[in-house]
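In the numbering used here, the protein residues as written are 1 to 299. The beta-carbon is built from N, C-alpha and C at its ideal position, and this holds for glycine as well. The structure under discussion appears below in the form of structure tokens.
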Amino acid sequence: MAGHDLRAGSQISLFAEFYDILHAGLGDVEAYTGYARRFSRPACDPGDPDSPGDSSSPSWTACRADAPGPLSAFREHPKVLELGSGTGRILIPMAAAGFRVTGVDKSDEMIALCMEKLGREPDSTRSRVRLVIGDVGDIDLGETFDLVIAPCNLLTYMTQRDQALSLFETARRHLKDSGVFIMDCSIPDVRLMVNCDGVPRTFEFEHPLTGTTIAYTLTPYYDFVNQLETDHLVLEERDGDDVLRREETTEKLAFYFPREVRLMLEVSGLEVFHEQGSVVENVPLNEHAGEMVFFARKA
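Pasting the structure below:
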């Protein structure tokens with residue numbers, strides 16, 4: 001299958017460039033790799049010299065979801081599908097751990113950054129990755145996977161009910177009969193949301209390579225009737241008092257509660273067999289939980 005190189009001439013926003021920095025330390029990378037080990041078996045030992053990665057192995061590439069020809073290049077087990085794979089923050093470590101991972105994302109710049117990061121990985125890791133540019137709501141790869149994941153609040157980007165249902169239907173469509181679907185999403189903290197409505201908050205991070213300060217200012221506006229959140233975002237890279245780069249944008253998200261997510265999963269033909277209140281540990285999904293994590297199979 002012909003690849004589509006997005007790096008040449010791509011204009012990468014600061015929000016994409018600094019995505020990994022803003023999401024560092026969440027623990028979800030290690031958690032999802034652990035779930036993959038639990039619910040499937042790595043295709044190889046990453047340290048094994050006989051592991052896939054030679055010239056006969058499928059090579060990493062990015063392709064349009066509507067490109068002609070079959071999308072099924074990977075037939076080895078186990079196979080993982082990440083919906084909303086972004087910069088490869090979770091996908092690449094999973095591939096490095098020995099899993100064959102297909103990532104789907106509709107953002108050209110996120111795919112471009114993922115490809116750039118993959119270029120710094122060993123051949124054995126690159127050989128286990130395929131990137132597909134497409135909409136997670138309607139994509140059909142024509143194959144099934146041992147594990148399908150929708151991590152890091154992907155559901156909140158589905159601002160319409162039919163979009164959320166389509167996301168879950170995509171997950172079900174790509175599951176093997178024995179496969180597992182895992183998703184996580186923050187539980188809305190209504191009290192905090194009421195207090196923070198229209199109030200800017202700034203979070204600062206240190207750039208791990210340059211030592212500059214990354215300042216991230218979020219001003220949320222909530223529509224509680226329709227469960228929508230409109231965020232005004234400002235991102236600055238600072239060196240002392242000097243602002244080196246600045247970018248701002250507005251994005252719309254939805255917020256969901258556990259009971260409605262359970263119902264949408266059921267309507268989509270998925271049966272929840274386990275739920276917990278944190279991505280990184282098996283704690284109860286109750287009033288003290290900050291996240292909802294659902295594990296489901298085909299009903």
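Could you tell me if residue i is buried or exposed, where buried requires 16 or more neighbouring beta carbons within 10 angstroms of its beta carbon?
i, result
"residue 242", "exposed"
"residue 150", "buried"
"residue 170", "buried"
"residue 75", "Low confidence applies here, because residue 75 scores a pLDDT of 45, under 50, leaving its location unreliable; read the following figure in that light. With fewer than 16 Cβ atoms within 10 Å of its Cβ, residue 75 is classed as exposed."
"residue 294", "buried"
"residue 261", "buried"
"residue 239", "exposed"
"residue 203", "exposed"
"residue 78", "buried"
"residue 210", "exposed"
"residue 263", "exposed"
"residue 265", "buried"
Would the beta-carbon of residue i fall within 8 Å of that of residue j?
i, j, result
"residue 181", "residue 296", "yes"
"residue 111", "residue 133", "yes"
"residue 31", "residue 199", "no"
"residue 173", "residue 146", "no"
"residue 94", "residue 33", "yes"
"residue 85", "residue 103", "yes"
"residue 251", "residue 245", "no"
"residue 137", "residue 163", "yes"
"residue 87", "residue 113", "yes"
"residue 101", "residue 118", "no"
"residue 23", "residue 152", "yes"
Please go through the same chain and pick out, in chain order, the residues whose beta-carbon is closer than 6 Å to the beta-carbon of residue i, but skip the five residues on each side of it.
i, result
"residue 292", "185, 187, 258, 285"
"residue 205", "21, 214"
"residue 156", "253, 254"
"residue 2", "Bear in mind that a pLDDT of 27 at residue 2, under 50, signals an unreliable position, so the model cannot answer this."
"residue 19", "87"
"residue 183", "150, 294"
"residue 313", "Missing from the structure shown is residue 313; the chain here goes from 1 to 299 and no further."
Looking only at its chain, what residues have a beta carbon closer than 8 Å to the beta carbon of residue i, apart from the 5 residues adjacent to it on each side?
i, result
"residue 282", "276"
"residue 15", "233, 235, 247, 249"
"residue 83", "104, 136, 148, 149, 150, 154, 167, 170, 171"
"residue 201", "217, 218, 219"
"residue 17", "113"
"residue 212", "206, 237, 238, 239, 244"
"residue 165", "264, 267, 268"
Looking at C-alpha atoms only, which residue of the options is the closest neighbour of residue i?
i, options, result
"residue 97", "214, 40, 13, 266", "40"
"residue 218", "138, 235, 179", "235"
"residue 176", "299, 274, 26", "299"
"residue 38", "19, 17, 99, 155", "99"
"residue 193", "209, 158, 211, 229", "229"
"residue 28", "18, 289, 108, 278", "278"
"residue 131", "153, 123, 105", "105"
"residue 267", "256, 168, 203, 226", "168"
"residue 161", "191, 227, 210, 202", "227"
"residue 25", "36, 79, 17, 89", "89"
"residue 191", "287, 183, 121", "287"
"residue 80", "120, 36, 107, 121", "36"
"residue 256", "159, 208, 107", "159"
"residue 290", "120, 107, 189", "189"
With a cut-off of 8 Å, does the C-beta of residue i fall near any C-beta of chain D?
i, result
"residue 269", "In summary, chain D is missing from the structure at hand, where a single protein chain is found."
Please return the same chain residues whose Cβ sits closer than 7 Å to the Cβ of residue i, not counting the five positions on each side in sequence.
i, result
"residue 269", "172, 298, 299"
"residue 13", "109, 247"
"residue 222", "193, 197, 229"
"residue 273", "295, 296, 297"
"residue 120", "none"
Problem - Ranges of the beta strand (DSSP E) found wholly within the segment 234-291, counting only runs of at least 3 - result: 242-254, 270-276
Exercise for the section: Counting only runs of 3+ residues fully inside the segment 80-124, write out the beta strand (DSSP E) ranges in chain order. Expected result: 100-105
Problem - Within the segment 133-173, ranges of the alpha helix (DSSP H) (whole runs, at least 4 residues) - result: 161-173
Practice task
Please go through the segment 182-229 and give each complete beta strand (DSSP E) segment of 3 or more residues, from N-terminal end onward.
Solution key: 201-206, 213-223
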